[in-house]
Amino acid sequence: MSDPQSPPAAPTRRQKLERLLADDPGDAFLRYSLALELAKTDEAAALREFDRVIAEHPDYVPAYFMKGQTLARADRDDEARETLTAGVEVAIRTGDDHAAGEMSGFLETLG
């Protein structure tokens with residue numbers, strides 16, 4: 113039983129992001145931020161959120177990189193390579209040479 117004198121627990125970062133997304137579900141940055149937060153504890157949920165960002169905002173380059181890293185951490189290297197390859201293509205097309213280089217470098221580490 114909780115102490116009636118205790119203040120309510122502060123919302124977690126995840127809860128804050130979910131509340132903000134409830135007001136603006138199309139915000140790519142908020143959804144991406146939620147995916148990053150989920151990646152700390154719930155890989156499958158994080159991957160679903162990265163997929164949603166990519167589906168709704170296909171030019172949102174950071175989502176490809178972080179999804180690729182999340183897949184690689186889960187030993188899903190083939191899927192990571194596919195995601196990163198797509199991300200490099202998007203980065204080049206959108207003029208984000210730095211991200212293209214970062215993802216290409218990470219791809220090399222996957223063999």
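If you use the working numbering, the sequence shown corresponds to residues 113 to 223, in order.
For glycine and all other residues, C-beta sits at the position ideal for the given N, C-alpha and C.
All values reported here derive from a predicted model rather than from experimental measurement.
Exercise. For Thr124, which of Leu146, Asp136 and Leu219 has the nearest alpha-carbon?
Worked result: Mapped onto the sequence shown, residue 124 falls at position 12. The candidate whose alpha carbon is nearest that of Thr124 is Leu146.
For this session: Could you name the residues of the same chain whose beta carbon sits closer than 6 Å to that of Ser216, not counting the 5 residues immediately before and after it, in chain order?
Result: The residue you call residue 216 lines up with position 104 of the sequence shown. So the qualifying residues of the chain are Val200.
For this session: Express the C-alpha separation of Arg131 and Pro174 in angstroms, rounding to a whole number.
Result: Walking along the sequence shown from the start, residue 174 turns up at place 62. Walking along the sequence shown from the start, residue 131 turns up at place 19. Whole-angstrom Cα-Cα distance: 22 Å.
Exercise. Alpha carbon to alpha carbon, what distance is there between Tyr176 and Phe141?
Worked result: The sequence position of residue 141 within the sequence shown is 29, counting from 1. The sequence position of residue 176 within the sequence shown is 64, counting from 1. Cα to Cα, Phe141 sits roughly 13 Å from Tyr176.
Problem set entry | Neighbour-count burial assignment, Thr221, 16 or more Cβ in a 10 Å radius | As a first step, residue 221 must be located in the sequence shown, where it is residue number 109. Looking at its Cβ environment, which holds fewer than 16 other Cβ atoms inside 10 Å, Thr221 is exposed.
Problem set entry | Sequence ranges, alpha helix (DSSP H) only - wholly within the region 156 to 201, length at least 4 | 173 to 185
Exercise. Can you tell me whether DSSP reads Ala151 as helix, strand or coil?
Worked result: Counting from one through the sequence shown, the residue named residue 151 turns up at place 39. Helix, per DSSP.
Exercise. The alpha helix (DSSP H) spanning Gln231 covers which residue range?
Worked result: Look at the range of the chain in this structure, 113 to 223, and you will see that residue 231 is not part of it.
Exercise. Since Gly180 and Ala192 are thought to touch, with beta carbons under 8 Å apart, how far apart are those beta carbons, to the nearest angstrom?
Worked result: The count along the sequence shown starts at 1 and reaches residue 180 at position 68. The count along the sequence shown starts at 1 and reaches residue 192 at position 80. Correct: roughly 5 Å between the Cβ atoms.
Exercise. Under three-state DSSP, which class holds Thr221?
Worked result: As a first step, residue 221 must be located in the sequence shown, where it is residue number 109. In this structure, Thr221 counts as helix in the three-state DSSP scheme.
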